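Residue numbers are given in the numbering used here: position 296 of the sequence shown equals residue 296, and the series is strictly consecutive.
Okay, structure first, notes after.
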Amino acid sequence: LGTTQVLALETVDFAALATAAVQVLGTAQIATLSTAQIVAMTTSQTLGLSTDNISGLTSSQVEALRTLGVLALSTVNVTALSTLQVLALTTAQAATLTTAQTFVLGTSQVLALETADFAAIATASLQALGTADIAALSTDQIVALSTSQALGLSTTNVGALRTVQIAALETVDLAVLTTTNVAAFSTLQIVALGTDQAAALTSAQALALGTSQVAAFEPTDFAALASRSLQAMFTTQIAALTSAQAAALVSAQVVAMATNQVSALTTANVAALTTNNVAALTTLQMVALTTAQAATLGTLQAQALTTIQIVAMETADIAALATASVQIWNSTQIAALSTRQIAALGTDQALGLSTDNISALSTLQVAALVTLDLAVLATTNVVVLSTLQIVGLTTAQAQALTTAQTLALVSTQLIALETADLAALATASLQSLDSAQIAYLLTSQIAALT
């Protein structure tokens, strides 16, 4: 038959041709078939097409194939489709592609699929794509993925995604990825995530992350994690945070952290917290701080603590604070310390107290100072003790005063000493008093001296 004769065949007549008769048609004859004749082809005729027949189809003819016809194409024929023919496929045709057919698609064929056609591929068929095919997908095709397709991706599929493809995933698609797939992300894929994508991660997905994955997040992306996602993490994941990530945390995330998560922060991470985040810590979180963590608090962080937070601190944590961190506290913060916390102060901390710190102490707080701490107070600090603070000294504290401290006492302070306290002064301290100081002593105080 000539090409004009083939074209002259009625559609019903063409559909009546035996499969073998269709199969022997030449490329030129195939190319002359009308779209109506293509539509009229039976499934058996389509199934019997040779690769030469397939190669002869024009784009409009491919587009005219019924979905059942596409479904009937052998894998050999699918492989023979040119990129232009693949491009000509309709959305309905793409939706009929079987797993066997998608499995044999070449990377150039996959890349030729229109985004709408790609989005129409059945989830199971998409899963059949090889790693090379997945890696060949354009970012537009990745964007076109439906949530059901994203949900159906295998770990092999996900592992094949390039970083630019990961970055192109829609947030709704990322949010439906299985925890197994999220756990399979490489660190480079994690780095490729955008802020919006990080914010879309669910609690279950966050919990599935490995420690190396957690550490791979860009600080700004980690700061975008939902508070509930951060709260869901294991302590081992929290401990994996980098200092840059800790510094990038927002207050809402910090407040949401469980107490065991706070305790799991490394000392470097605690030191990296912003003053706003430190000020946002709850009292229970303050209690959860370890001694090592408290020791790393910087002066600005200590300065940011509220009185309620200071009161909540364990005595061991107070004792672990750097001298400069205690020294920077204002009078309100110092006044908030409990007597137990005062008693827990180390000699280095006591030695580093400023005159403003000393002046802010209540009589009960002064009385709570252990003798070793009192004995190391600078003479400049002793001089600023009020008469009420002097009255509040215990006999043991008076006995601990050094000769230099005693010599620094002014008249009003000497007069304020209880007779028992004066009598408790060490002999060397009494002997260090000059004549002017002796002259200030009350007769009752003199009488108490033995």
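Glycine residues also receive a C-beta, built at the ideal position from the N, C-alpha and C atoms.
Just so you know, these numbers come straight off a predicted model, no measurement behind them.
* To do: Report, in whole angstroms, the separation of the C-beta atoms of A132 and T107, which I expect to be a contact under 8 Å.
  => Sequence index remark: in the sequence shown, residue 132 carries index 132 (1-based). Sequence index remark: in the sequence shown, residue 107 carries index 107 (1-based). That belief holds up - the Cβ atoms of A132 and T107 are roughly 5 Å apart, short of 8 Å.
* Where does L25 land, buried or exposed, given buried means 16+ other C-beta within 10 angstroms? -> Taking the sequence shown and counting its residues from 1, the one referred to as residue 25 is at position 25. Buried, by the Cβ-count rule.
* Tell me where the alpha helix (DSSP H) around T355 begins and ends. => Here residue 355 refers to the residue found at position 355 of the sequence shown. Run containing T355: 355–360, per the alpha helix (DSSP H) assignment.
* To do: Output the distance between the C-alpha atoms of A31 and G56, rounded to the nearest integer angstrom.
  => To locate residue 31, count along the sequence shown from 1; it is residue 31. To locate residue 56, count along the sequence shown from 1; it is residue 56. Whole-angstrom Cα-Cα distance: 6 Å.
* Integer Cβ distance of L422 from L449, believed to fall under 8 Å -> Position 422 of the sequence shown, counted from the start, is the residue given in the question as residue 422. Position 449 of the sequence shown, counted from the start, is the residue given in the question as residue 449. About 7 Å; that satisfies the 8 Å criterion.
* Go ahead and label S411 buried or exposed: buried means 16 or more other beta carbons lie within 10 angstroms of its beta carbon, across all protein chains shown. => Along the sequence shown, one-based indexing puts residue 411 at 411. Result: exposed.
* Asked: Leaving out five residues before and five after L151 in sequence, what residues of the same chain have Cβ atoms less than 6 Å from its Cβ?
  -> Counting from one through the sequence shown, the residue named residue 151 turns up at place 151. Contacts found: V176.
* Exposure of T291, with buried meaning 16 or more beta-carbon neighbours within 10 Å -> In the sequence shown, counting from the first residue as 1, residue 291 sits at position 291. So T291 counts as exposed.
* Selection from V182, Q405, G298, I415 that minimises the alpha carbon distance to L517 -> One cannot answer for residue 517 here, as it falls past the ends of the chain, which runs 1 to 450.
* To do: Pull up the CB-CB distance for Q197 and L169, whole angstroms please, since I reckon it's below 8 Å.
  => Here residue 197 refers to the residue found at position 197 of the sequence shown. Here residue 169 refers to the residue found at position 169 of the sequence shown. Contact between Q197 and L169 is confirmed by a C-beta separation of about 7 Å, below the 8 Å threshold.
* To do: Taking only the alpha-carbon atoms, compute the straight-line gap between N277 and T99 and give it to the nearest angstrom.
  => The sequence position of residue 277 within the sequence shown is 277, counting from 1. The sequence position of residue 99 within the sequence shown is 99, counting from 1. Rounded to whole angstroms, N277 to T99 spans 52 Å at the Cα level.
* On the three-state DSSP scale, how would you describe L374? -> To locate residue 374, count along the sequence shown from 1; it is residue 374. Helix.
* Start and end residues, alpha helix (DSSP H) containing V254 -> Mapped onto the sequence shown, residue 254 falls at position 254. Residues 251–256.
* Asked: Under 9 Å, do T235 and A256 count as touching if we go by C-beta distance?
  -> Here residue 235 is taken as the residue at index 235 of the sequence shown, counted from 1. Here residue 256 is taken as the residue at index 256 of the sequence shown, counted from 1. When the beta-carbon positions are compared, T235 and A256 stay at least 9 Å from each other.
* Beta-carbon spacing of L425, T394 below 9 Å -> On the sequence shown, position 425 is the one that residue 425 refers to. On the sequence shown, position 394 is the one that residue 394 refers to. Taking the C-beta atoms as reference points, T394 is found no nearer than 9 Å to L425.
* Under 9 Å between C-beta atoms of A184 and F222 -> Here residue 184 corresponds to residue number 184 of the sequence shown, with the count starting at 1. Here residue 222 corresponds to residue number 222 of the sequence shown, with the count starting at 1. In this structure, F222 does not lie closer than 9 Å to A184 by Cβ.
* **3-residue-minimum beta strand (DSSP E) runs that sit fully inside the stretch 23–81, ordered along the chain** => The beta strand (DSSP E) runs of length 3 or more contained entirely in the stretch 23–81 do not exist; there are none.
* Cα-Cα, which of A120, T42, A128, I446 is closest to V143? -> Looking up residue 143 in the sequence shown gives position 143. For the residues A120, T42, A128, I446, the minimum Cα distance to V143 belongs to A120.
* Determine the burial state of N181: buried for a count of at least 16 other Cβ atoms within 10 Å of its Cβ, exposed for fewer. => Residue numbering aside, residue 181 sits at position 181 when the sequence shown is read from its first letter. Counting the other Cβ atoms within 10 Å of the Cβ of N181 gives 16 or more, which makes it buried.
* Quick one: complete alpha helix (DSSP H) runs, 4+ long, within the stretch 193–223? -> Fully enclosed alpha helix (DSSP H) runs of 4 or longer: 195–200, 203–208, 211–216, 219–222.
* From what residue to what residue does the alpha helix (DSSP H) around N452 run? -> The requested residue 452 does not occur in the structure, where the chain is confined to residues 1 to 450.
* To do: Starting from the Cα of A268, find the closest Cα among V254, M286, T139, A240 and give me that residue.
  => Walking along the sequence shown from the start, residue 268 turns up at place 268. Looking at the Cα atoms, A240 is the closest of the given residues.
* Roughly how many angstroms lie between the CA atoms of A94 and Q29, to the nearest whole one? -> Reading the sequence shown from its first residue, position 94 is the one you call residue 94. Reading the sequence shown from its first residue, position 29 is the one you call residue 29. Straight across, the Cα-Cα distance linking A94 with Q29 is about 26 Å.
* Asked: Just reading off the alpha helix (DSSP H) that S263 is part of, what are its end residues?
  -> Taking the sequence shown and counting its residues from 1, the one referred to as residue 263 is at position 263. Annotation for S263: the continuous alpha helix (DSSP H) segment containing it runs 259–264.
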